[in-house]
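Protein chains in written order, with my numbering: chain A, 4 to 555; chain B, 2 to 278; chain C, 274 to 581.
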C-alpha cells in the first residue's frame, strides 16, 4: 500500500511523540526482594492522619504514622507504640503515658507536645466564629473523625465551641516524654483508640511550614515503620522502611506497594496474573465458584468483621408507627438463606445489631426474639391490621448501587412477597443520593451498615440513640436512652454488659427501628504461604510492622 | 422506492438479517409465555448451575433461569433499541429539517444547541439524569434517545439544506406551495433514504450503548434484565460461570449483526452508486 | 477562510462556556454532596468544610467565583474535593496525556488496519477474502469492548502470561487495550473504505484510469482510494474526539489512569471541582477536534464544507 510521504512521516513522528509522552516509567511495584504488593481498592484520599476516614487511607496511615499504642496483629490488644509504658488511675479516667525517646523521619525528636498539637488540630475545625480565631488557625483541619476524640474530657465541648480555653481539655504535657490524658468518663476502649490514625502525632514544624502540602510524599514526615517514596496518581503509592523508626529491626518488609485499582474484577485479574499478592476486597458473585475449587479456596479469606448489615425503617412514616408491622417484617426474613446463598462468605445471620464476637465476655449471645418464623410473621401482620398484606401500600426498599445490596434486596423482596403477600419495590440509588435521601428521611426502608469504631458493644448501640446524626430513622425510645446512660457510667463490666444487652433487646426485638440482617465477613485474597505476621482479625487491621516474608 | 425494494430483496445478507431478526423477535415475544418460569424467580439454594436439561442456558447466581432471563432481556433490549431510535427519528428529523430548511440564524442557533449537547460528556449527563430521576427503564430510554437524535439531526439538516436549494424545490415554492408543504412533499421524501438507513443503524448502536450503561451500573436495573446487563454480569463472571457470558453474547451478537446486515442492505438499495454514509 | 475559521472558533468557545455553565448547575442541583457519607460528619466539621469550599454561599456567587478562576491565567481549576492534596489541573494533566496517547495509537492502528482490510476486501470483492474480512470486521461491531477486553486479558495475560494484565507501566501495557478498543474502529473503517472503494471503482474517473492501462492495484490505491477516504475523514473528527478523552470501559477493564474514568468517578463522588475540570477538558477537546475535522474536510472535499 502506498501512502503519501508526508502522511507517513507525520505518522511516524506521532507514534514517537506518543511513546515518549505516555508517561511510562516502568513498573516499580516489584522492585526489591521483600515487597508486599496490595490492591488497596482506591486512590488514597488523605495521607494526613487527622483527616483519614476511609479504610484504604487508614491502611496507609498505619504504615506512615504510629500512635501511642500499636494493635497486636493477632489479638488487637494494645502494644507499646510511641508510648513505652502507661499507668491508669483506679477510677479509669486518667492515663499517664511514658513516651520513648524517638524521632520523626526527618530526625527531629518526637515529644509529648506533638500529640497535644495533633489532637488539638483535629478538634479545632476552622471557624468563622471570632472567638475561635487563632494565630495558627490555618493549620487546623475539618476532620471527619473528630468525634473519636470525644472520650477526652472537654474535647466535645471544645470541638463544638462551648469551651474557650484548650487548657481545660484533658490533654496535659508533663514533660517532653510524659503525656497525661484525662477522660470524660471511664472508657475501657481508650487504649485501643490511641492506635488509630486520628490519635497519631503530627510533626508540628513541618505542618506549619508547608501547610496543606505537607502530605506530599516528598515532604511528608512521619514516625511510622515506613515512609513514602513514590506516588503515581491513579496507579500506586510505594512506601519503604523508615530507617529512623524506633523498632526498625522488627520491621520485616522492605517496601509495601498500594495499588489503587478500584475495579474489583480488574484487581482479581491482577492477583491471578501475579501482579499483586493481596486484594483487600472480593466480588461476592464469585464466591461459590472459588469456594468449590480447593486451590482458589485457599486464597480466598473471609474472617468475621466487626460490622453489621441492616435495614432502617423510617419511623416518621405512619405505617411504621406500629412496631408490629416492623416486627412482622423482621420475622419473615430468612437470614440464613441470605448468608448461605447470597453473601456466601460464612457470615453470621444477625438477630441483633452487636456481632457476638465483639468481645470475649459479650458471650456470643444474640437476641432470639425475631428469628425467622413466617407463621408468627403472618399472625403479627394480621394483628397490625394487614391480614395477608391487604391494605398495605407497596413497600419500597432503597439501597445504594452494589451487587450485594441488590441481591439481598431481591431476596428479601421475594421473601416478603411469598410469606406475607406484601408487594415490595426496590429503589436502587446512587451512593451519595442514598445517603442524602436517608438523611432527609426520604425513604421507607433503607439499607445501612455500621462498622465498629472499637471493640466494644457500645459502638453498635450508640449510633442509633435519639438525636444522633447517624440515627436517621426518627426513632426514640426512652428506655433505650436510659439503659445506655446507665451503662456509660457503670464501672462494673459485667453489669455494664447486662445493661447493653437489655438495650439491644429493645433495639432489635421490642421496638425495632432497624432490621439486622447479617454480621459482615471481610473477604480478601491473599497469596498463601508467602507472608507471616498477618492474621485474620475482626477489625481487619493488619499493622504493617509485623508482616514479614515467610522463608521458603 | 420500488426499485430500492427490489434491490434490497437481492441482497442476501440483508435477507438473512431480516430472517434472524424475525426469529429473535418471535422468540423474545412468545418465548416467555411458553416457558413456565418467570425470569425473576430465584432459587437461592440452587445458585449458578451449568446448562442442563431443566435449564438449557443454565442459571445465574441467584438461581434464576438464564433462558427465561435472556428472552425477557431481549424484549427490553429490542424495546430500548426501538424506542431510542424512534425518539432519535422524531426529534432528529424535526429538528434537522427545520434547521436545514429555514436556514439563517435559526439554523445556527439550533445547530449550536446540538453542538452543546454533543460536547457535554454523555456519561456525565446520564449519571446526573439517574441521580435526579432515579434509575428506571424510562430514564435509560431518555438518556439514550437524548444522545442518539443529535447525529440524526445533523444528517437530516445536511440533506435538507442541500435539497432546499435545488431547482425542483424552488420551483414548487414559486408555484405557491407553502414552506411546510414544500418541506413535507418535496424535501423530506428525497431525504428519506439516508434517514431510513441511519435509523436502522441507530438501533444496534443504541443497543451497544445500553450495554455500556449496564456495565457502568447505570442501565436496566434488576430484577429486570437486558442483554446489556446480562452481558455485563457475564463479562465479570465468565471464568467462573462461562454460560452467563456465552448465551447473552450469542443473542446480542446475532441481533446486532442482523441489524447491521439489514442496514447495509438498505443503504445499498437506496444509494447504489455512492455508498457514502 | 480565516474569518470563517475565527467565527467557528468563537462559536466553539461560546459552546464551551454554555457546556461549563450547564454542567456546573446540573451537578450542583443534583441531590447528594461531596460530604454525604454513610457515616455522618460531625456538624462542626461539615460547616467548616462547606465554608472552606465556599459551598455555604449562594450558588450564583459560587458560579461567578468559579468562572473567575477559569478566566485567569493560568486558569485556576481549584483543588479536587476528594483528593484535596492535589489541584485539579495536576490530577487531570497526566490522565489526559494517557488518554491522548492511547487514543492516538488506537486511531493510527485502526486507520492502518481498517484501510488495509477495507482495500483488500474491495480488491477481492465478493470473493472469499472479502467475505472473511467483512465477517471479522462485523465481530467488532457485535461485541461490546467490555467483553472483548476481559477475554483478551484472560488469554494473553493470565493464561499465557505474554503481556501485562493491566495498568499503565510500559509500552507492552498498551497492546491489549489497543486491541480491545480498536476492534470496533477497525470494523467501522474497513466497512466504510470497502463500500467507498466499491462505489468509486464504478465511476468514470476510475474507468478512465483503467483505460489508460494502469494496473488494477494502482487504480485502486492511487485513483479510487482518496475518494473513498472522504467519509472516513468526516467520521474521524467525532471519533477521534471520543478516543482522545478516553473510554471509561477500557480504562476500567485495564486499570488505566485515563480521563474517562476520572470524570465518571468524580461525578459519582460529587467531586464538584474535579467534575468541572474534566468537563472543561473533555468538551474543549471534543469541540477542537470537531473543528479540526471540519477544516480538514474542507480541504479534501470543499462541497461538504459548504453544506455544513
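Where is the CB? At the ideal position from N, CA and C, for every residue including glycine.
Keep in mind it's a predicted model, so treat the numbers as computed, not measured.
In the DSSP assignment, what residue or residues form a beta bridge with residue i?
i: residue 261 of chain A; result: A/41, A/240
i: residue 369 of chain A; result: In DSSP, residue 369 of chain A forms no bridge with anything.
i: residue 428 of chain A; result: A/399
i: residue 183 of chain A; result: A/99, A/175
i: residue 453 of chain A; result: A/311
i: residue 90 of chain A; result: A/99
i: residue 535 of chain A; result: A/551
In angstroms, rounded to a whole number, what distance separates the CA positions of residue i and residue j?
i: residue 266 of chain A; j: residue 286 of chain A; result: 10 Å
i: residue 443 of chain A; j: residue 545 of chain C; result: 21 Å
i: residue 161 of chain B; j: residue 7 of chain B; result: 26 Å
i: residue 263 of chain B; j: residue 200 of chain B; result: 11 Å
i: residue 403 of chain A; j: residue 447 of chain A; result: 14 Å
i: residue 357 of chain A; j: residue 464 of chain A; result: 8 Å
i: residue 489 of chain C; j: residue 474 of chain C; result: 10 Å
i: residue 461 of chain C; j: residue 197 of chain B; result: 19 Å
i: residue 420 of chain A; j: residue 369 of chain C; result: 50 Å
i: residue 550 of chain A; j: residue 534 of chain A; result: 7 Å
i: residue 417 of chain A; j: residue 256 of chain A; result: 49 Å
i: residue 286 of chain C; j: residue 564 of chain C; result: 11 Å
i: residue 341 of chain C; j: residue 254 of chain B; result: 50 Å
i: residue 139 of chain A; j: residue 216 of chain A; result: 16 Å
i: residue 405 of chain A; j: residue 525 of chain A; result: 16 Å
i: residue 240 of chain A; j: residue 260 of chain A; result: 6 Å
i: residue 310 of chain C; j: residue 93 of chain A; result: 39 Å
i: residue 234 of chain A; j: residue 46 of chain A; result: 10 Å
i: residue 237 of chain A; j: residue 396 of chain C; result: 46 Å
Tell whether a beta-carbon distance below 8 Å holds between residue i and residue j.
i: residue 541 of chain A; j: residue 308 of chain A; result: yes
i: residue 592 of chain C; j: residue 562 of chain C; result: Shown here, chain C extends from 274 to 581; a query on residue 592 of chain C therefore has no answer.
i: residue 63 of chain B; j: residue 45 of chain B; result: yes
i: residue 155 of chain A; j: residue 184 of chain A; result: yes
i: residue 14 of chain B; j: residue 265 of chain B; result: yes
i: residue 370 of chain A; j: residue 508 of chain A; result: yes
i: residue 406 of chain C; j: residue 463 of chain C; result: yes
i: residue 460 of chain A; j: residue 362 of chain A; result: yes
i: residue 54 of chain A; j: residue 281 of chain A; result: no
i: residue 100 of chain B; j: residue 112 of chain B; result: yes
Since residue i contacts residue j with CB under 8 Å, what's their CB separation in whole angstroms?
i: residue 516 of chain A; j: residue 462 of chain A; result: 17 Å between Cβ atoms; not a contact.
i: residue 230 of chain A; j: residue 243 of chain A; result: 7 Å
i: residue 324 of chain C; j: residue 131 of chain A; result: 6 Å
i: residue 560 of chain A; j: residue 478 of chain A; result: Any property of residue 560 of chain A remains undetermined from this structure, which presents chain A solely from 4 to 555.
i: residue 49 of chain B; j: residue 69 of chain B; result: Not really, about 15 Å apart at Cβ, beyond 8 Å.
i: residue 71 of chain B; j: residue 231 of chain B; result: 6 Å
Between residue i and chain A, is there a C-beta pair that is closer than 8 Å?
i: residue 34 of chain B; result: no
i: residue 309 of chain C; result: yes
Counting only beta-carbon separations shorter than 8 Å, does residue i have a partner in chain B?
i: residue 335 of chain C; result: no
i: residue 268 of chain A; result: yes
i: residue 344 of chain A; result: yes
i: residue 295 of chain C; result: yes
i: residue 304 of chain C; result: yes
i: residue 569 of chain C; result: no
i: residue 395 of chain C; result: no
i: residue 427 of chain C; result: yes
Answer with yes or no whether the minimum CB distance from residue i to chain C is below 8 Å.
i: residue 372 of chain A; result: no
i: residue 440 of chain A; result: yes
i: residue 276 of chain B; result: Annotation note: pLDDT 40 at residue 276 of chain B (below 50); position unreliable, no value reported.
i: residue 4 of chain A; result: Low local confidence applies: a pLDDT of 40 at residue 4 of chain A is under 50, so the model's placement there is unreliable, and no value is given.
i: residue 543 of chain A; result: no
i: residue 10 of chain B; result: no
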